[in-house]
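Residue numbers (our numbering): 50 to 326.
Here a beta-carbon is modelled for each residue, glycine too, at the ideal position from N, C-alpha and C.
Given the structure is predicted, the values throughout are model-derived calculations rather than measurements.
Here's the structure we're looking at; comments come further down.
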């Protein structure tokens, strides 16, 4: 009943718990990370990722360094030192393999919600019709009966239904935001695959087809996918080209440059070979 009215209990993880996956990524990448790699893991926007990287530097004694190609790489030597020998970690899945699930209104089974609705609906109907169906049968009336058998149960039942109805608006808004973030994650996956593996560029139509293939349970709005692609193009300063009469094609050389830069820094620093003195 509490979950029906106020929503399911959602434990709030601590900052340290939220950082565990990112720290695992840093250790798996041998102590050096670029902003592009953090975005690969979190799907944050570029400004938010840069802010998060600054927080990580302060919280875990990170050090910014510059690669031979002039790219900024962030090293975390203290995360790579251990009394038990070399630090090893399994790399977490990228953001596009960790989709956000829709928020539930109650978290209950449908049959339980139906029982709760039926019980409260009966209370509401009984309270609202008591002067005509209950009072004559019992031979009662007056202010006490009106307050106790009409006003209190009716107001209680209306409030009981009103709180979940108001929460519906917030849940729908949050689920739309989650869907938009999921679209970004899937477009991000395609962009990174093209930039790091297959090479080549991405068009809005290709991105829409990719997202639709992954999100089979809903119809994807091409404008939503196009907006996500253009946003990524702005964040990574993508190269945009177009053949005569053809669609815009986006290529992301900056992503590959950042990944190569972090690998060069890893080989230079060799933080995974450090030992406690």
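Beta carbon of residue i nearer than 8 Å to that of residue j
i           : j           : result
residue 83  : residue 99  : no
residue 288 : residue 300 : yes
residue 253 : residue 271 : yes
residue 89  : residue 143 : yes
residue 103 : residue 124 : no
residue 224 : residue 148 : no
residue 278 : residue 314 : no
residue 334 : residue 306 : No answer is possible for residue 334: it lies beyond the span of the chain, which begins at 50 and ends at 326.
residue 318 : residue 81  : yes
residue 93  : residue 86  : no
residue 327 : residue 184 : Since the first residue of the chain shown is 50 and the last is 326, residue 327 is not available in this structure.
residue 245 : residue 165 : no
residue 280 : residue 269 : no
Supposed contact pair residue j and residue i - C-beta distance, whole angstroms, cut 8 Å
i           : j           : result
residue 320 : residue 129 : 4 Å
residue 172 : residue 202 : 5 Å
residue 154 : residue 56  : 7 Å
residue 122 : residue 310 : 6 Å
residue 156 : residue 52  : 5 Å
Residues near residue i in its chain [Cβ-Cβ closer than 8 Å; skip 5 each side]
i           : result
residue 73  : 138, 139, 140 and 141
residue 152 : 220, 223, 224 and 227
residue 296 : 252, 253 and 254
residue 333 : Summary: the structure shown does not reach residue 333, with the chain confined to residues 50 through 326, and so no result is reported for it.
residue 206 : 169, 170, 172, 173 and 176
Residues near residue i by beta carbon distance below 6 Å, same chain, minus five either side
i           : result
residue 198 : 179
residue 298 : 250, 252 and 290
residue 190 : 184
For residue i, the nearest candidate out of the options (CA to CA)
i           : options               : result
residue 150 : 308, 234 and 120      : 234
residue 67  : 210, 91 and 246       : 91
residue 256 : 247, 239 and 248      : 239
residue 65  : 96, 79 and 108        : 108
residue 247 : 264, 194, 156 and 302 : 302
residue 204 : 187, 312, 174 and 62  : 174
residue 136 : 182, 75, 170 and 71   : 75
residue 273 : 229, 267 and 241      : 229
residue 106 : 292, 60, 200 and 71   : 71
Nonlocal neighbours in the same chain, by C-beta distance under 7 Å from residue i, ignoring five residues either side
i           : result
residue 54  : 209, 212 and 213
residue 114 : 122, 124 and 314
residue 162 : 53 and 155
Exercise for the section: Note down, one range per segment and in chain order, each beta strand (DSSP E) of at least 3 residues found wholly within the region 88-159. Expected result: 112-115 and 121-124
Exercise for the section: Counting only runs of 4+ residues fully inside the region 166-203, write out the alpha helix (DSSP H) ranges in chain order. Expected result: 184-187 and 192-195
Problem - Secondary structure, alpha helix (DSSP H): runs of 4+ residues fully inside the region 208-265 - result: Unbroken alpha helix (DSSP H) stretches of 4 residues or longer found wholly inside the region 208-265: 253-263, given in chain order.
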